[in-house]
Amino acid sequence: MRGTARPEHADGALAGYQVPVKPMLGGLAVAPGFGMPPVSTGDTGRFGGNMDFNEVVEGNTAYLPVQQPGALLYLGDAHALQGDGETSQYALETSMDVTFSVELIKGKAIAMPRVESATQVMALGQAGSLDEALKAASGGMIAWLQQDYGMTLSQAAQVLGSAARYSVANLAGRSVGVAAKIDKALLPASRRVVSVEAGRDDRPAL
Numbered sequence: 001m002r003g004t005a006r007p008e009h010a011d012g013a014l015a016g017y018q019v020p021v022k023p024m025l026g027g028l029a030v031a032p033g034f035g036m037p038p039v040s041t042g043d044t045g046r047f048g049g050n051m052d053f054n055e056v057v058e059g060n061t062a063y064l065p066v067q068q069p070g071a072l073l074y075l076g077d078a079h080a081l082q083g084d085g086e087t088s089q090y091a092l093e094t095s096m097d098v099t100f101s102v103e104l105i106k107g108k109a110i111a112m113p114r115v116e117s118a119t120q121v122m123a124l125g126q127a128g129s130l131d132e133a134l135k136a137a138s139g140g141m142i143a144w145l146q147q148d149y150g151m152t153l154s155q156a157a158q159v160l161g162s163a164a165r166y167s168v169a170n171l172a173g174r175s176v177g178v179a180a181k182i183d184k185a186l187l188p189a190s191r192r193v194v195s196v197e198a199g200r201d202d203r204p205a206l
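Set out below in structure tokens:
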């Protein structure tokens, strides 16, 4: 069936196994800052990297902190579908042609990558353990609520404590990733006012 995937040699318990595909990019990053050690395409951090977050999909916007002139954006590790966490180390690996636009948002700093869909804001945390990744994702979400939605720390904590949902983005890499998610319907109108310059590598919109 078009738009679905099944094992190439499906038999036994998997004879009827079939899943709808949801193409996504596992790798999305800019170059890390000056003084940082060299990184490979398998690394993750503030610059993004091999995040394997299955919400980096068509229609969503990814925000990455520019740390080098020109940003030096790169992307790859395409998957036709990936479950939360990529727990078996592999997803439905595939090749992919990607069309995207890039905009530079001036006068704004973020600590870690963010993803925004039509219905949710999602703050990513990357660290050496799930505990630390969850803390980073939570801190990133609080900063986002303060920065773009005008909340005090107390107000942001109330929203986080009552409405945040978490998913494990990646367990199979050199670090682990956690995403904090909040439905935009629960939030006031964003008051973000930015100067945007087209053609620069800061906000890939996939």
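Those letters in the sequence shown? Residues 1 to 206, by UniProt numbering. Heads up, the beta-carbon is just placed ideally off N, CA and C, and yes, glycines get one too.
Terminal residues of the beta strand (DSSP E) in which residue i lies
i      : result
Met122 : 120-127
Phe182 : The amino acid at residue 182 is misidentified as Phe; the sequence shows Ile. It spans 176-183 - the beta strand (DSSP E) in which Ile182 sits, taken as one unbroken run.
Tyr149 : Note, Tyr149: premise wrong, no beta strand (DSSP E); alpha helix (DSSP H) at 130-149.
Thr61  : 61-63
Ala78  : 74-81
Arg6   : Here Arg6 belongs to no beta strand (DSSP E), and DSSP marks it neither H nor E.
Arg114 : 114-116
As assigned by DSSP and simplified to three states, the class of residue i
i      : result
Val98  : coil
Gly12  : helix
Val92  : The sequence given here has Leu at residue 92, not Val. If DSSP states are grouped into helix, strand and coil, Leu92 belongs with the strands.
Leu25  : strand
Ser195 : With a pLDDT of 44 at Ser195, under the threshold of 50, the modelled position of this residue cannot be trusted; read the value that follows with caution. The answer is strand: DSSP assigns Ser195 an E or B state.
Glu103 : strand
Val66  : coil
Nearest candidate by alpha-carbon position, reference residue i, set the options
i      : options                      : result
Ala179 : Glu8, Thr152, Met1, Ser167   : Ser167
Gly150 : Met51, Val39, Glu132, Pro188 : Pro188
Ala29  : His9, Phe53, Gly12           : Phe53
Gly16  : Asp97, Lys22, Ala5           : Ala5
Whether residue i touches residue j by CB criterion (8 Å)
i      : j      : result
His79  : Met24  : yes
Pro69  : Arg46  : no
Gln82  : Lys181 : no
Ala136 : Leu72  : no
Ser138 : Leu153 : no
Pro20  : Gly35  : no
Gly26  : Met1   : no
Met122 : Glu55  : yes
Gln126 : Thr44  : yes
Asn170 : Gly85  : yes
Enclosing alpha helix (DSSP H) for residue i [first to last residue]
i      : result
Gly33  : Looking at the DSSP string, Gly33 is not in any alpha helix (DSSP H), and its letter there is neither H nor E.
Ser154 : 153-163
Proximity test, Cβ basis, 8 Å: residue i and chain C
i      : result
Ala123 : The structure shown contains no chain C; it holds only a single protein chain.
task = Please determine if the region 142-154 and the region 167-176 are in contact, where contact requires at least 3 C-beta pairs separated by less than 8 Å.
result = no
query = On the three-pair Cβ rule with 8 Å, is the region 115-135 touching the region 52-60?
reply = yes
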